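Note sheet for the following structure.
Protein chains: 2
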Amino acid sequence: MATNPEELPLVLILKPFPSIPSFQEKFSNKFRSLKGTDLSVPVSEFFRKECQSVKALVCGAKFALTKDILNCLPSLGCIVLTCVGLDNIDLDECRKRGIVIGNAGTVYSEDVADFAIGLLIDVLRGISSGHRFVRSGLWSINTEFPLGSKSAYGLSLNSLGTESLYFEPLSGKRVGILGLGSIGSEVAKRLEAFSCVISYTSRTKKPSVPFSYYPNVIDLASHNDILILTCSLNKETFHIINKDVMSALGKKGIIINVGRGALVDEKEMVRCLVQGEIGGAGLDVFEKEPYIPEELLEKDNIVLAPHVAVVTVESYSALHELIISNLEAFFSNKPLLSLVKYN
Amino acid sequence: MATNPEELPLVLILKPFPSIPSFQEKFSNKFRSLKGTDLSVPVSEFFRKECQSVKALVCGAKFALTKDILNCLPSLGCIVLTCVGLDNIDLDECRKRGIVIGNAGTVYSEDVADFAIGLLIDVLRGISSGHRFVRSGLWSINTEFPLGSKSAYGLSLNSLGTESLYFEPLSGKRVGILGLGSIGSEVAKRLEAFSCVISYTSRTKKPSVPFSYYPNVIDLASHNDILILTCSLNKETFHIINKDVMSALGKKGIIINVGRGALVDEKEMVRCLVQGEIGGAGLDVFEKEPYIPEELLEKDNIVLAPHVAVVTVESYSALHELIISNLEAFFSNKPLLSLVKYN
Numbered sequence: 001m002a003t004n005p006e007e008l009p010l011v012l013i014l015k016p017f018p019s020i021p022s023f024q025e026k027f028s029n030k031f032r033s034l035k036g037t038d039l040s041v042p043v044s045e046f047f048r049k050e051c052q053s054v055k056a057l058v059c060g061a062k063f064a065l066t067k068d069i070l071n072c073l074p075s076l077g078c079i080v081l082t083c084v085g086l087d088n089i090d091l092d093e094c095r096k097r098g099i100v101i102g103n104a105g106t107v108y109s110e111d112v113a114d115f116a117i118g119l120l121i122d123v124l125r126g127i128s129s130g131h132r133f134v135r136s137g138l139w140s141i142n143t144e145f146p147l148g149s150k151s152a153y154g155l156s157l158n159s160l161g162t163e164s165l166y167f168e169p170l171s172g173k174r175v176g177i178l179g180l181g182s183i184g185s186e187v188a189k190r191l192e193a194f195s196c197v198i199s200y201t202s203r204t205k206k207p208s209v210p211f212s213y214y215p216n217v218i219d220l221a222s223h224n225d226i227l228i229l230t231c232s233l234n235k236e237t238f239h240i241i242n243k244d245v246m247s248a249l250g251k252k253g254i255i256i257n258v259g260r261g262a263l264v265d266e267k268e269m270v271r272c273l274v275q276g277e278i279g280g281a282g283l284d285v286f287e288k289e290p291y292i293p294e295e296l297l298e299k300d301n302i303v304l305a306p307h308v309a310v311v312t313v314e315s316y317s318a319l320h321e322l323i324i325s326n327l328e329a330f331f332s333n334k335p336l337l338s339l340v341k342y343n
Numbered sequence: 344m345a346t347n348p349e350e351l352p353l354v355l356i357l358k359p360f361p362s363i364p365s366f367q368e369k370f371s372n373k374f375r376s377l378k379g380t381d382l383s384v385p386v387s388e389f390f391r392k393e394c395q396s397v398k399a400l401v402c403g404a405k406f407a408l409t410k411d412i413l414n415c416l417p418s419l420g421c422i423v424l425t426c427v428g429l430d431n432i433d434l435d436e437c438r439k440r441g442i443v444i445g446n447a448g449t450v451y452s453e454d455v456a457d458f459a460i461g462l463l464i465d466v467l468r469g470i471s472s473g474h475r476f477v478r479s480g481l482w483s484i485n486t487e488f489p490l491g492s493k494s495a496y497g498l499s500l501n502s503l504g505t506e507s508l509y510f511e512p513l514s515g516k517r518v519g520i521l522g523l524g525s526i527g528s529e530v531a532k533r534l535e536a537f538s539c540v541i542s543y544t545s546r547t548k549k550p551s552v553p554f555s556y557y558p559n560v561i562d563l564a565s566h567n568d569i570l571i572l573t574c575s576l577n578k579e580t581f582h583i584i585n586k587d588v589m590s591a592l593g594k595k596g597i598i599i600n601v602g603r604g605a606l607v608d609e610k611e612m613v614r615c616l617v618q619g620e621i622g623g624a625g626l627d628v629f630e631k632e633p634y635i636p637e638e639l640l641e642k643d644n645i646v647l648a649p650h651v652a653v654v655t656v657e658s659y660s661a662l663h664e665l666i667i668s669n670l671e672a673f674f675s676n677k678p679l680l681s682l683v684k685y686n
């Protein structure tokens, strides 16, 4: 039974997200969309004039849903996120107003875990830097490069003259995971196949997992060679990786961040990396994206990615289905499929 | 009981290999070494004059042990390799003379498997190319990059204008392993944790493994998204990845080579990559190292490494122990620890 398009529920789309043609068609058969990105008027005016009746919106990680914005949306009852984290939302305001929130659930978990492992192998084994070495034509001049690592032989055998921690095996490494949720668990599953020794920190000890639990992140750091950050960013986890944690991790320690930039005191991390107080980093997220501290750009023990750990064909496809299902649930007065309990 | 250094067995060292000070000391307490790299005379003269009494030698992958060289070593009874493959040795000559050969055994297997997974995630998820994108400063100009993949959305959303297969998930991919030996088995173990569907080709079906077996490499290619080459190079496997195999692998197919360059018809692979007949490659080995075909250097769906998959602190340390143990075994008339049956 065809519905009059004017009678379809209105959904505000804030910030674009990648969309497959088949999704757009499916979406427009079920909802009218008001696009916050096609603004020909200032943002505040747009919200005041156009959004009074908006009951649901779709929003990504990079749009700040501040109290001011939420105040312009008096009818809002539902936020559907294209991301997992809620750090871009004024949750106090949402709580007061009883707004329900659905996030990306677990659609990204496997891809983010894969990416974390990719970053880690790259930092340990110098894949990006080896690729640059080959591309630059240096291999045919300096065939010594493959022979060794400064840390192993007490000599800088590679021509890059870096202090990098090249050529460390992953097998047997002690890896501490910060936040053993959906992503962290997928990371752990993969690391087990690499014969890593896994431990974790989370709000509470998880009775069903075989890994060592450290309630304290400093203890986690001091007992591990590698820290992988997969937890959400909130007041408790802001700058949780601070100077003391990095000091506990130590000179050969590696940080992999696929969570949020502000989990780490970035300024302090830059200092630790530059001064060799930690050994390396693989970073998909940064405090002020797309800004990246210049000191990070040229070091061979640092691998940088432009916040793409979530990005694959399959994860987007699954996300699209979830967005539609969440909105359908909301407009049918049913619980969201990926409802977040943020109270 | 101290031995007169002059009475220690003589070992010829051909081509240097990375060596830890503690190894050098241990080695020189047990053997006299004649270094083929400290040559102040032409090679042939060195072999004729200095090597008549040499019974054992240590040699890497990059020194060709030809019939001519072997003819200069009339007393040779044992070759200890720092590599796994025997493709640099005239095996017919060794067979005739009853020379025993010990290779690197399984000391590299885990590290090579880790590296193969690292290359694969890099090709699928664009880690090296993302890193270059960030380094170049393009992220702050073109924040579209993270949004998608040409293959997914029918649009080139990234500024690099490539045809690359960015942003494909590893989970669920069908991976065919060529040669399910020690390295291939470690690769399979890791891929299982990424929820890949694994199959393999080897000389014989292995009754104890749960993966599908294809006796024919064309069948392996046509049933898989990814081929990982871990087998040894010999007459049967030379250019085993030829035009027909790449055609069977198809436009989205990826080749990961951590075996030997000449397993692949490199000229044909370059053509297939350039013309988009296969989707990407992660290559640690090449036909004429350190020469790399220029066409491979600038493509974002190709990740290149300077033959370093074996190189870590731990693998070298294990190798050093194995070299000494093999030589001790030979000079005590015992079987080598990592004896290769090459007949």
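Listed in order, the protein sequences are those of chains A and B. With the first letter of the first sequence counted as 1, position 66 gets the number 66 in our numbering; the numbers rise by one all the way through. Add 343 to the 1-based position in the second sequence for our numbering, that's all there is to it. Backbone N, C-alpha and C fix where the C-beta goes; we use that ideal spot for every residue, glycine too. Values in this document were obtained by computation on a predicted structure and should not be read as measured data.
Item, Value
"Quick one: list the residues of chain D neighbouring threonine 655 (chain B), beta-carbon separation under 7 Å, in chain order.", "Note that chain D does not occur in the displayed structure, where the protein chains are A and B."
"Expressed to the nearest angstrom, what Euclidean distance is found between the alpha-carbon atoms of leucine 12 (chain A) and lysine 26 (chain A)?", "16 Å"
"Here's a check: name, in chain order, each residue in its chain whose Cβ is nearer than 7 Å to the Cβ of serine 538 (chain B), leaving out the five neighbours to either side.", "Ser514, Gly515"
"My output table needs one value for leucine 81 (chain A): the three-state DSSP class, helix, strand or coil.", "strand"
"Can you say whether glycine 441 (chain B) is buried or exposed, counting buried as having 16 or more other CB atoms within 10 angstroms of its CB?", "exposed"
"Applying a beta-carbon distance threshold of less than 8 Å, which residues of chain A neighbour asparagine 407 (chain B)?", "Strictly speaking, residue 407 (chain B) in this sequence is alanine, with asparagine absent from that position. What alanine 407 (chain B) touches in chain A: nothing, since even the nearest Cβ is about 16 Å away."
"Closer than 8 Å by beta-carbon distance: list the chain B residues that pair up with lysine 252 (chain A), in chain order.", "None at all; the shortest Cβ gap to chain B is about 11 Å."
"Taking the beta strand (DSSP E) that arginine 174 (chain A) falls in, what are its first and last residues?", "174-178"
"Would you mind reading off the limits of the beta strand (DSSP E) that contains asparagine 257 (chain A)?", "254-257"
"Tell me the DSSP secondary structure of leucine 283 (chain A) in three-state form.", "strand"
"Near leucine 229 (chain A), which residues of its chain fall below 6 Å by C-beta distance, leaving aside the five closest residues on each side in sequence?", "Leu178, Asn257, Gly259, Leu263"
"Identify every run of the beta strand (DSSP E) within the segment 569-617 of chain B, keeping only runs that are complete inside it and at least 3 residues long; order them along the chain.", "569-572, 597-600"
"Note down, in chain order, each residue of its chain lying with its Cβ closer than 8 Å to the Cβ of glycine 497 (chain B), except the 5 sequence neighbours on either side.", "Low per-residue confidence applies at glycine 497 (chain B): pLDDT is 30, beneath 50, and the placement is therefore not dependable, though the value from the model is reported in the following sentence. Excluding positions up to five away in sequence, the list is empty."
"What's the C-alpha gap between phenylalanine 389 (chain B) and serine 212 (chain A)?", "58 Å"
"Pick from A:Val303, A:His307, A:Lys235: whose alpha carbon is nearest that of lysine 62 (chain A)?", "A:His307"
"Quick one: grab the DSSP three-state call for leucine 670 (chain B).", "helix"
"Do you know how far the Cα of threonine 204 (chain A) is from the Cα of cysteine 94 (chain A)?", "26 Å"
"I need the straight-line Cα distance from glycine 282 (chain A) to glutamine 275 (chain A), nearest angstrom please.", "17 Å"
"Along the alpha helix (DSSP H) that carries glycine 184 (chain A), what are the first and last residues, could you check?", "182-193"
"Does the beta-carbon distance from aspartate 568 (chain B) to lysine 586 (chain B) come in below 8 Å?", "no"
"Near valine 450 (chain B), which residues of its chain fall below 8 Å by C-beta distance, leaving aside the five closest residues on each side in sequence?", "Ser658, Ala661, Leu662, Leu665"
"Does DSSP put serine 565 (chain B) in a helix, a strand or coil?", "helix"
"Keeping to the same chain, check which residues put their C-beta closer than 6 Å to that of glutamate 277 (chain A); ignore five residues upstream and five downstream.", "none"
"Could one say the Cβ of alanine 305 (chain A) lies closer than 8 Å to chain B's Cβ atoms, at least one of them?", "yes"
"Could you tell me which chain B residues have their CB closer than 9 Å to the CB of leucine 322 (chain A), listed as they occur along the chain?", "The premise fails here: leucine 322 (chain A) is roughly 16 Å from chain B at the closest Cβ pair, so nothing lies under 9 Å."
"Helix, strand or coil for glycine 445 (chain B) per DSSP?", "strand"
"DSSP on leucine 662 (chain B), reduced to helix/strand/coil?", "helix"
"Measure from the alpha carbon of glutamate 192 (chain A) to the alpha carbon of each residue in A:Ala309, A:Pro290, A:Val313, A:Ile117, then state which is nearest.", "A:Ile117"
"Got a sec: is the Cβ-Cβ distance from phenylalanine 27 (chain A) to anything in chain B below 8 Å?", "no"
"In this structure, does DSSP put isoleucine 412 (chain B) in helix, strand or coil?", "helix"
"What whole-angstrom Cβ distance do isoleucine 241 (chain A) and valine 123 (chain A) have, given they're in contact under 8 Å?", "Going by Cβ atoms, the distance from isoleucine 241 (chain A) to valine 123 (chain A) rounds to 16 Å, so no, they are not a contact pair."
"Between B:Leu481, B:Ser376, B:Ala407, B:Thr409, which lies nearest to lysine 398 (chain B) when the distance is taken from Cα to Cα?", "B:Ser376"
"Quick one: Cα of arginine 48 (chain A) to Cα of serine 75 (chain A), how far?", "12 Å"
"CB phenylalanine 167 (chain A) to CB valine 656 (chain B), shorter than 8 Å?", "yes"
"Of all Cβ atoms in chain A, is any one closer than 8 Å to the Cβ of proline 678 (chain B)?", "no"
"Buried or exposed: which applies to proline 169 (chain A), given that a residue is buried once 16 or more other Cβ atoms fall within 10 Å of its Cβ?", "buried"
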